Amino acid sequence: MNKTIRRASVFCLLMVLALLVRATWVQGYEAKALADDEHNRRKTIAQYAQPLGDIIVAGSPVTGSKGTTGGDLRYKRTYTQGELYAAVTGYSSQAYGATQLEGVYGDVLDGTDDRLKNPKDLLTGEQATPGNVLTTIDPGVQKAAYEALGDDKGAAVAMDPKTGRILGMVSTPSYDPSKISGTADGDAWKALLDDEDKPLVNRALRQPLAPGSTFKLVVAAAALENGLYGSVDERTDSPDPYTLPNTSTVLRNENASAPCANATLRTALQYSCNNVFAKAAVDLGQDKVKKMADAFGFDTEKLDVPVRAAPSVYPTGMDEAQTALSGIGQFEVTATPLQMAMVTSALANGGELAAPHMVSRVTDGDGTTLEESGDDDRERVVEESTAKQLRSAMVTVVEEGTGANARIPGAEVGGKTGTAQNGVDNSNTPYAWFTSYAKDRESGEEVAVAVIVEDSGSARSEVSGNGLAAPIAQKMMRAALER
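Under numbering that gives the first Met the number 0, the very last position in the sequence shown is 482; numbers go up by exactly one each time.
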């Protein structure tokens, strides 16, 4: 054979082998990545080739699907009471992807999850019947929170302290996911993005803000757990007013006539005495306060419910003056409503924190369980005696102190108000917080809640946790106890 022809033949053979190796690599190792690539149109076509599975609340779907006309996407997502449940479902959009439960369980809801497929489907690659996601949301609690928040900008979370089941989760202003579920909803999408109130942000999970005086519960727990004070009724060493260490800045109390000088923890929670908790944080030191905060869930990078919550933060590297401010939930302390509901939930549950979750089961199209969220996943945060004392002090807050608007006849209600500074030198309207628990004295039914009102349109002088947030919490707790 001619040398030139032989060399050309060998070269061609090598090229063929290279193509075979590359094709094998693509099919064997890169197939899934290519199939899952967001720019792969086939993935979107497959996703909307059949009606999607449903997200279910109390046995009824709050989602649906409807056929489309024209184009290659046969179905699109619909929502029942979309604005009411948007903070739970998120959206599934043909153009803009999916969020919240729609995003977390997208493969189950569109039928591409391998767990839905029988052996034949796995071999042929055919799409299976979609599955469903069953939530822990109670429609009565959800509706109570949504209606009570109304036109306010804010968020609310309700939990079952014993199980960690999230009974309600609302973020306002909300939006209707149905209006952005198709491919021709650009104007609605742009309006949501341009809205300065950010309705697409789930404030209950994804927007940590200064918790203000609600954080005093964490400091009080640290003071009892570390033996700084023996009980909530032991007098503290707390001058009033209190000068921040190594500064000339005087920290005063909102109520100048309140009996805050050397007040007990019970009285300090009742009147929300800044001097007591700022001094306690300094006496404990930031490391002990942080350890307590982290036990309640602060600084958790991967808090999945199953939607991932933004971390709530207790800062490090502070000087003593900054540590004092952290003790009243200011400086760089931030928390989500979910986090503050977790604090109250642990105290209501005897010091044990049940892992928060808003999905009970995921099933295939026939109702067979694919995964289940346990209600017995819990960790001890504080001793039972500490939780009992703090519950007693929180009841005093509601019965005799700053949380009177949370009272419910026939129920034990304990809470803590908070008014958090906002903006440089507190130049913006403060945030109004309230976190609480309620227990029905007859049925034993329990609930823990946290509410933040970022902006209600009220005058600055009218902003308070008791005035704005506590009535919302009261309506949510009442709805939960009536389940």
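Ideal Cβ placement from N, Cα and C applies to all residues, glycine included.
Since we're looking at a predicted model, the values are computed, not measured.
I'd like to know whether the C-beta atoms of VAL156 and ALA203 end up nearer to each other than 8 Å. The beta carbons of VAL156 and ALA203 sit closer together than 8 Å.
Could you tell me which residues DSSP puts in a beta bridge with SER170? SER170 is bridged by DSSP to ALA154.
Distance check for GLN46 and GLY464, CA to CA, integer angstroms please. One Cα belongs to GLY464, the other to GLN46, and the distance between them is close to 45 Å.
In whole angstroms, what separates the C-alpha of THR171 from that of PRO210? Spanning the two alpha carbons is a distance of roughly 18 Å.
Assuming TYR436 is part of the beta strand (DSSP E), what are its boundary residues? Segment 430-439, the beta strand (DSSP E) holding TYR436.
Secondary structure of VAL446, DSSP reduced to three states: In the displayed model, VAL446 falls within a strand according to three-state DSSP.
Taking the alpha carbon of PRO258 as the point to measure from, which residue in ARG234, THR246, LEU243, THR248 has its own alpha carbon closest? When only C-alpha atoms are compared, the closest one is ARG234.
Are the stretch 128-148 and the stretch 166-182 touching by the rule of at least three beta carbon pairs closer than 8 Å? Flag = yes, the stretch 128-148 and the stretch 166-182 touch.
Have a look at LEU33 and ASP193 and give me their C-alpha separation to the nearest angstrom. In this predicted model, LEU33 has a pLDDT of only 48, less than 50, meaning its place in the structure is not dependable; the value taken from the coordinates is given anyway. The straight-line gap from Cα to Cα measures roughly 33 Å.
Suppose the cutoff is 8 Å on Cβ atoms and the five residues either side in sequence are ignored; what does the same chain contact list for ALA496 look like? The structure shown does not extend to residue 496, since the chain is modelled only from 0 to 482, so the question has no answer here.
Short Cβ contact (8 Å threshold) for GLN67 with TYR78: One detail in the question is off: residue 67 reads as Thr in this sequence, not Gln. The answer is no: Cβ separation not under 8 Å.
Give the DSSP bridge partners of ARG234, in chain order. According to DSSP, ARG234 shares a beta bridge with THR263.
For a test of the three-state rule: what should DSSP assign to LYS2, helix, strand or coil? Here LYS2 carries a helix assignment [DSSP, helix/strand/coil].
For ASP365 and THR162, what's the separation of their Cα atoms in angstroms? It is roughly 27 Å from the alpha-carbon of ASP365 to the alpha-carbon of THR162.
Where TYR313 falls: helix, strand or coil (DSSP): Shown here, TYR313 sits in coil according to DSSP, grouped into three states, outside any helix or strand.
If you draw a straight line from the C-alpha of PRO238 to the C-alpha of VAL275, how long is it? Rounded to whole angstroms, the separation of the alpha carbons of VAL275 and PRO238 is 8 Å.
With DSSP as the reference, label ASP137 as helix, strand or coil. If DSSP states are grouped into helix, strand and coil, ASP137 belongs with coil.
For TRP432 and GLY409, which I take to be in contact (beta-carbon distance under 8 Å), what is that distance rounded to the nearest angstrom? With a Cβ gap of about 26 Å, TRP432 and GLY409 do not count as contacting.
Can LEU166 and THR135 be called in contact, C-beta distance under 8 Å? Cβ atoms of LEU166 and THR135: closer than 8 Å.
List the endpoints of the continuous alpha helix (DSSP H) containing GLU82. Secondary structure note for GLU82: its alpha helix (DSSP H) is the uninterrupted segment 81-88.
Do you know how far the Cα of GLY63 is from the Cα of ALA255? Taken atom to atom, the span from the alpha-carbon of ALA255 to that of GLY63 is near 56 Å.
Based on Cα-Cα distance, which residue from ARG477, VAL448, ALA187 lies nearest to ARG164? Ranking the options by Cα distance to ARG164, first place goes to VAL448.
Using a Cβ-Cβ cut-off of 6 Å (strictly less than) and excluding sequence neighbours within five positions of GLU331, which residues of its own chain qualify? Excluding residues within five positions, the ones whose Cβ falls inside 6 Å are PRO314.
For LEU243, the three-state DSSP class (helix, strand or coil): Under the three-state reduction of DSSP, LEU243 is assigned to coil, being neither helix nor strand.
Taking C-alpha atoms, which residue in THR434, ALA437, VAL452 lies nearest to THR428? Nearest of THR434, ALA437, VAL452 to THR428, Cα basis: VAL452.
Using only the alpha-carbon positions, how far apart do ASP109 and ALA48 sit? Distance between the alpha carbons of ASP109 and ALA48 is about 8 Å.
Supposed contact pair VAL306 and VAL103 - C-beta distance, whole angstroms, cut 8 Å: With 8 Å as the limit, VAL103 and VAL306 qualify as a contact, their Cβ atoms being about 6 Å apart.
Would you call GLU224 buried or exposed, if buried means 16 or more other Cβ atoms sit within 10 Å of its Cβ? So GLU224 ends up on the buried side.
In the DSSP output, which residue or residues are listed as bridge partners for THR62? THR62 is bridged by DSSP to TYR78.
Cα separation between ARG390 and SER212? Cα to Cα, the separation comes out at about 16 Å.
Looking at the structure shown, is GLY105 part of a helix, part of a strand, or coil, going by DSSP? Secondary structure of GLY105 (DSSP, three-state): helix.
Completely contained alpha helix (DSSP H) runs for the stretch 368-435, where each covers 4 or more residues: Fully enclosed alpha helix (DSSP H) runs of 4 or longer: 383-399.
Excluding the 5 residues flanking ALA392 on each side, which residues of the same chain have their C-beta closer than 8 Å to its C-beta? Counting only Cβ-Cβ distances below 8 Å, and skipping sequence neighbours, we find ALA219, VAL231, LEU264, ARG265, LEU268, GLN269, GLY413.
LEU33 in three-state terms, based on DSSP: Any reading at LEU33 must be qualified, since the residue scores a pLDDT of 48, below 50, and its modelled position is unreliable; the value itself is stated next. It is helical.
Assuming THR362 is part of the beta strand (DSSP E), what are its boundary residues? Per DSSP, THR362 is one residue of the beta strand (DSSP E) stretching across 358-362.
Have a look at VAL381, ARG21, PHE10, GLY70 and flag the residue whose alpha-carbon is nearest the alpha-carbon of GLY226. Minimum Cα distance to GLY226 is reached at VAL381.
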